[in-house]
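Remarks on the structure that follows.
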Amino acid sequence: MNDRLREAQYLGIVHLVEIDWHFRVYLMRGDVNEVVDCGFLFDNLRGKIRVIAAEYLSSEFKYLRSGFAIAHYGRRGVTYSFWHWADWQGTWEYFCQAWYCYGRAIDGMTPLDRNEPIVCQHEVNVVMQEALIFREIAFRSSTHEALISDYRNNMPEHVTHC
Numbered sequence: 001m002n003d004r005l006r007e008a009q010y011l012g013i014v015h016l017v018e019i020d021w022h023f024r025v026y027l028m029r030g031d032v033n034e035v036v037d038c039g040f041l042f043d044n045l046r047g048k049i050r051v052i053a054a055e056y057l058s059s060e061f062k063y064l065r066s067g068f069a070i071a072h073y074g075r076r077g078v079t080y081s082f083w084h085w086a087d088w089q090g091t092w093e094y095f096c097q098a099w100y101c102y103g104r105a106i107d108g109m110t111p112l113d114r115n116e117p118i119v120c121q122h123e124v125n126v127v128m129q130e131a132l133i134f135r136e137i138a139f140r141s142s143t144h145e146a147l148i149s150d151y152r153n154n155m156p157e158h159v160t161h162c
């Protein structure tokens, strides 16, 4: 078992203006020397976000259309996980949709179901950091719009350009 935690690189924002979805993007790699084409990655993330917007939302919630994505290129395969929030009658709910492929067969990614893990030890710090950022912003925001604006403008400090 690999006990060393993998570094998460913050790559920037995927913003789909036409549907107003906004995700921060983090990259993790099992092999730090693996080259990941960021243009290809961001295009694939945009495609998955469109699927979320079209197929995975419920009328029961008021979605912020904001969150973060982790693209994890691990030893066994690749996971794209998307974490975002919605309001349900004054309670903030945390959603996650994720896709996986074995190896690097990105075009064959399938949604993870209830039998599959959605987070591993290497990703916990990013998930917790983002949850704490959101909680602090939610506590100080008086309106839904203010929360969205504050969250979207509260960016991690270090951006890695690939």
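Take the sequence shown: its position 63, counted from the start at 1, is 63 in our numbering, and no numbers get skipped.
Even glycine gets a Cβ: it sits at the ideal position worked out from N, Cα and C.
query: Buried or exposed: which applies to Y26, given that a residue is buried once 16 or more other Cβ atoms fall within 10 Å of its Cβ?
result: Y26 is classed as buried because its beta carbon has at least 16 other beta carbons within 10 Å across all chains shown.
task: Tell me, to the nearest whole angstrom, how far the beta carbon of M28 is from that of A8; I am working on the premise that it is less than 8 angstroms.
output: Sure, about 5 angstroms apart at Cβ, within 8 angstroms.
field: Span of the beta strand (DSSP E) around I13
entry: Residues 8–16.
query: How would you call I19, buried or exposed, if buried means at least 16 neighbouring beta carbons within 10 angstroms?
result: exposed
task: Measure the alpha-carbon distance for E157 versus E34 and round it to whole angstroms.
output: 24 angstroms
query: Taking the alpha-carbon positions, what's the I148 to Y63 distance?
result: 10 angstroms
Classification of F40 by the beta-carbon crowding that lies within 10 angstroms, buried from 16 upward: exposed
Residues that L27 bridges to, as DSSP identifies them: DSSP lists Q9, A71 as the beta-bridge partner residues of L27.
- prompt: Which of helix, strand or coil does DSSP assign to N153?
  reply: helix
message: Less than 7 angstroms between C-beta atoms, sequence neighbours within five positions excluded: which residues of the same chain meet that for I133?
response: These residues qualify, in order along the chain: N154.
message: Using a 10 Å radius around the Cβ and a threshold of 16 neighbouring Cβ atoms, would you call W83 buried or exposed?
response: buried
field: Expected contact under 8 angstroms - CB spacing of L16 and R46 to nearest Å
entry: 6 angstroms
- prompt: Opposite D87 in the DSSP bridges: which residues?
  reply: K62, W92
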